[in-house]
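*Asks:*
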Amino acid sequence: MAARGVATPPELPGLRYSRLLGSGGFSDVYLYEQELPKRLVAVKVLASDDLSDSSRAAFVAEANLMAQLSAHPYIVTIYHAAVAPDGRPYFVMEYCSGPSLAEQYKRSQFNVADALRTGVRVSSAVATAHAAGILHRDIKPANVLTNSYGWPALTDFGISSAVDIELPVNAATRAANNAGGATATGSIGMSIPWSPPEMFDDHPQPDVRSDVFSLAATLYTLLEGHTPFEVPGKPNGTVDLIGRIERGTITPITRADIPRSLVAILNKGMAVSADDRFATAVDFARALQRVEMELSYAPTAIDVPNLTVLERVHDEEAADAGDVTRIRGVSTVHAQPLAPAPTTAPVSAPTAGADPTVIRRMPSVQPHESPAASPVAENTVLRPRTSGQAEAGPADAASPGEAAPAPRRKLWPILTGAAGVLVIGGVVAAALVFAPENEDPQPTPTATSDIITVGVPTPDSVSVTPNDAGTSFTFTWANPDPQDGDRYMWHRSDGSDTGNPVSTEDESVTIDGVTNGDDVCIEVSIRRSSGKTSTEPLEMCSR
Numbered sequence: 003m004a005a006r007g008v009a010t011p012p013e014l015p016g017l018r019y020s021r022l023l024g025s026g027g028f029s030d031v032y033l034y035e036q037e038l039p040k041r042l043v044a045v046k047v048l049a050s051d052d053l054s055d056s057s058r059a060a061f062v063a064e065a066n067l068m069a070q071l072s073a074h075p076y077i078v079t080i081y082h083a084a085v086a087p088d089g090r091p092y093f094v095m096e097y098c099s100g101p102s103l104a105e106q107y108k109r110s111q112f113n114v115a116d117a118l119r120t121g122v123r124v125s126s127a128v129a130t131a132h133a134a135g136i137l138h139r140d141i142k143p144a145n146v147l148t149n150s151y152g153w154p155a156l157t158d159f160g161i162s163s164a165v166d167i168e169l170p171v172n173a174a175t176r177a178a179n180n181a182g183g184a185t186a187t188g189s190i191g192m193s194i195p196w197s198p199p200e201m202f203d204d205h206p207q208p209d210v211r212s213d214v215f216s217l218a219a220t221l222y223t224l225l226e227g228h229t230p231f232e233v234p235g236k237p238n239g240t241v242d243l244i245g246r247i248e249r250g251t252i253t254p255i256t257r258a259d260i261p262r263s264l265v266a267i268l269n270k271g272m273a274v275s276a277d278d279r280f281a282t283a284v285d286f287a288r289a290l291q292r293v294e295m296e297l298s299y300a301p302t303a304i305d306v307p308n309l310t311v312l313e314r315v316h317d318e319e320a321a322d323a324g325d326v327t328r329i330r331g332v333s334t335v336h337a338q339p340l341a342p343a344p345t346t347a348p349v350s351a352p353t354a355g356a357d358p359t360v361i362r363r364m365p366s367v368q369p370h371e372s373p374a375a376s377p378v379a380e381n382t383v384l385r386p387r388t389s390g391q392a393e394a395g396p397a398d399a400a401s402p403g404e405a406a407p408a409p410r411r412k413l414w415p416i417l418t419g420a421a422g423v424l425v426i427g428g429v430v431a432a433a434l435v436f437a438p439e440n441e442d443p444q445p446t447p448t449a450t451s452d453i454i455t456v457g458v459p460t461p462d463s464v465s466v467t468p469n470d471a472g473t474s475f476t477f478t479w480a481n482p483d484p485q486d487g488d489r490y491m492w493h494r495s496d497g498s499d500t501g502n503p504v505s506t507e508d509e510s511v512t513i514d515g516v517t518n519g520d521d522v523c524i525e526v527s528i529r530r531s532s533g534k535t536s537t538e539p540l541e542m543c544s545r
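Numbering of the sequence shown is given in our numbering, commencing with residue 3 and proceeding in unit increments.
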C-alpha cells in the first residue's frame, strides 16, 4: 500500500499555520498559533477524499464525545471541532510540547516507579473513555504525549476509526499489504506490535479487554525498550509479530529490578484469550497499584469519572432513550490496602454501599467477571460500546454460563425489613433508657491495619537563582530525610529534549544557555541506594 502524502494545511479562521507535527494513515497534525486567546494549538485534519455523509456524521459524534473526555487530566484537551473551508473536518486540541512515551523509551528504559505511575495514569484515561462508550483501539507509546506539566496525555481516541470502513483483516491480509518491521501499522488504524490477537480475525470484534492488552504491551515497552513480541536479533516483520501475538509468545523480561508480580500482571494483561485478561482498565490499574504498595511506593490515584446511568428497560423504545451515560466530572479513587483477616467469621457480609470509594455498577461490554478484580474494581462501571447483556453480579451467579434475569423488587420483604428495623430500634432505645448510670462506658474495640506504607520523600525546594544576564539558572533543593547512599535524579520538565535523567550527589544544578525570558523547569527525585525513588518528584521553575 502506497503511503499517503502529507496534505496542504488548511486556512483556518483565527489560526495561523506554523509547521507540521506529524502524519498518519488517516490524518495530519499541524502546529498553529491561535490568535485569541493567544496560544499554540495542535490541529488534526482528517483526510476527506472519500468521506461519506455517514462518515462525517460519525466524526461529529466522535468529536462531541472527545469534548466530554477532555476534562480528564490525562487526556488531550479538545478545544474546537469544525469543517475547514476546503471541506476537510478538523479539530483543535491542546499542544503537548513534551516528548511522547515512544520518544522517551527509545532514549532510555523507564524505571519501575515511573512506569507504574504512568501505567496507572494512562489506565485512568482509558477507563474514562470506556465509560463513555469509546474503544481506543490504538493504544501505543506514540499515542501518549507529555504535556507542559510532564503528565502523560492520551490522544488519538479512534477518531480515524470513526470514519473508517470496517475491513476484514487477518494475518495473510496483513502480510500481503505490509511487510514492514516492528512499527508496522495496519489498514484499520491500529498498530500491530501492541495489538491483541483478536484484531487479526477475519471479523474483529474488540472490546475493553482489547485495550487492556494494548495497555499491558505499552507498559512492557516502556520497561524493556522494545515491543513485547519483538525478539532482538531475529526477524521482526509483520508476519513474525502476528504469529507471536497469536501464540502468546511474549519475549521474556530481562531486567532484574522488575518484580515478578509486575511480570505476572503484564503477562495476564497480554493473554491470548480475552477471558484470561483483566476485565477492565481499572482492574489493570488496581493491579499496578498493588505492586506500588508492595515496593513501598505511594499508590498512584486512579482518576475515573462519576457516572449516572439510567436503567435499561425491556421496551425497545424506552431502552433507546434510557441507555444514556452522562459524564459528571472526574473523581479520584485512592488505593486501599487489604484489611487483616478477621479472627471470627462476620455475621453478615457488608453491603456494596459500605465502601465510600465504590462507583456504582453499570453494564459492561464483556459478560464475565474478573477473578482478580478487587471489591472497588468490580463496582467500577463501564458503558458497553455495543448492545449486549449486562454483566451478572455475584448474587446472580448461581448458574454459571446462564444469564439470569434481573430480580424484581418485592414489597413484602421491604415492609418486613422496615418492621425489623423499628423493633431493633425500640430495643436499643429501651436499653439506653434503663441502663445503670454508674457504669463506666467501655471503649468499642476497633480494627487497625498493620500495613504501613513508607515511601521516599519529595525533595524540598530551596531556591531558583538566575545569573545577571538571565541566561542561566541555579536550582537548589534539600533532602528532608537524608540517608547514606542518597543521590538525586533530575531532568528538564519544560519540554526541552535533554536526553536521559541526570544523576548527581549535589543538591543543586545550573542550567546554562537559556534564552532570556524563557521559563526553565526541572523535576528532581531522591534515589535511595536500594533503587527506590521519590513517590512524587519536586518540580521547580524559574518563574
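Where a beta carbon is used, it is the ideal one built from N, C-alpha and C, also for glycine.
1. Looking at T476: is its Cβ nearer than 8 Å to the Cβ of S510?
2. Would you decide whether E168 is buried or exposed? Buried here means 16 or more other CB atoms lie within 10 Å of its CB.
3. Using 8 Å as the threshold, is the C-beta distance between L38 and A86 below it?
4. Taking 8 Å as the cut-off, does the stretch 133-153 touch the stretch 94-114 (at least 3 CB pairs, one atom from each stretch)?
5. On the three-pair Cβ rule with 8 Å, is the stretch 479-493 touching the stretch 518-528?
6. Residues in its own chain within less than 8 Å of R90 by CB, not counting five upstream and five downstream?
7. Cα-Cα, which of G239, A73, A115 and P154 is closest to C98?
8. Take I260 and list the residues in its own chain whose beta-carbon comes closer than 7 Å to its own, dropping the five residues that flank it on each side.
9. When burial is assigned at 16 or more other CB atoms within 10 Å of the CB, is Q291 buried or exposed?
10. Classify I136 as helix, strand or coil using the three-state DSSP reduction.
11. For a quick check, are the C-beta atoms of T473 and V464 less than 8 Å apart?
12. Which stretch, first to last residue, makes up the beta strand (DSSP E) that contains Q36?
13. Classify G100 as helix, strand or coil using the three-state DSSP reduction.
14. Chain B beta carbons: is any one of them nearer than 8 Å to that of Y97?
15. In whole angstroms, give me the CA-to-CA distance for P402 and G152.
16. According to the neighbour-count rule (16 or more other Cβ atoms, all chains shown, within 10 Å of its Cβ), is H74 buried or exposed?
17. Give the C-beta separation of A129 and D209 to the nearest angstrom, bearing in mind that I take them to be a contact with Cβ-Cβ under 8 Å.
18. Does the distance from the CB of Y299 to the CB of T517 come in under 8 Å?
19. Quick one: what does DSSP say P143 is sitting in, helix, strand or coil?
20. State the start and end residues of the unbroken alpha helix (DSSP H) segment that holds Y222.
21. If we call anything under 8 Å between Cβ atoms a contact, is F202 one with I244?
22. Can you tell which of A134, P301, P468 and G16 has its C-alpha closest to the C-alpha of A65?
23. Would you give the residue range spanned by the beta strand (DSSP E) that V265 belongs to?
24. Going by DSSP, what residue range makes up the alpha helix (DSSP H) through T293?
25. Near R123, which residues of its chain fall below 6 Å by C-beta distance, leaving aside the five closest residues on each side in sequence?
26. Expressed to the nearest angstrom, what Euclidean distance is found between the alpha-carbon atoms of A117 and A273?
27. What first and last residue would you give for the alpha helix (DSSP H) that runs through G245?
*Replies:* According to the data block:
1. yes
2. At E168 the pLDDT is 38, less than 50, meaning the model places this residue with poor confidence; the figure from the coordinates comes in the next sentence. Counting Cβ neighbours within 10 Å, E168 comes out exposed, since fewer than 16 surround it.
3. no
4. yes
5. yes
6. A9, P12, V47, L48, A49 and S50
7. P154
8. V114 and L225
9. buried
10. coil
11. no
12. S29 to Q36
13. strand
14. The chain inventory of the structure shown lacks chain B, comprising one protein chain alone.
15. Confidence is the limiting factor: at P402 the pLDDT is only 39, short of 50, which leaves the residue's position unreliable, though a coordinate-based value still follows. Answer to the nearest angstrom: the Cα atoms are 46 Å apart.
16. buried
17. The pair is not a contact, with the Cβ atoms about 14 Å apart (cut-off 8 Å).
18. no
19. helix
20. V210 to E226
21. yes
22. A134
23. Element bounds for V265: not the beta strand (DSSP E) but the alpha helix (DSSP H), R262 to G271.
24. Before going on, a small fix: residue 293 reads as Val here, not Thr. Run containing V293: A283 to E296, per the alpha helix (DSSP H) assignment.
25. Y76 and P154
26. 20 Å
27. T240 to R249
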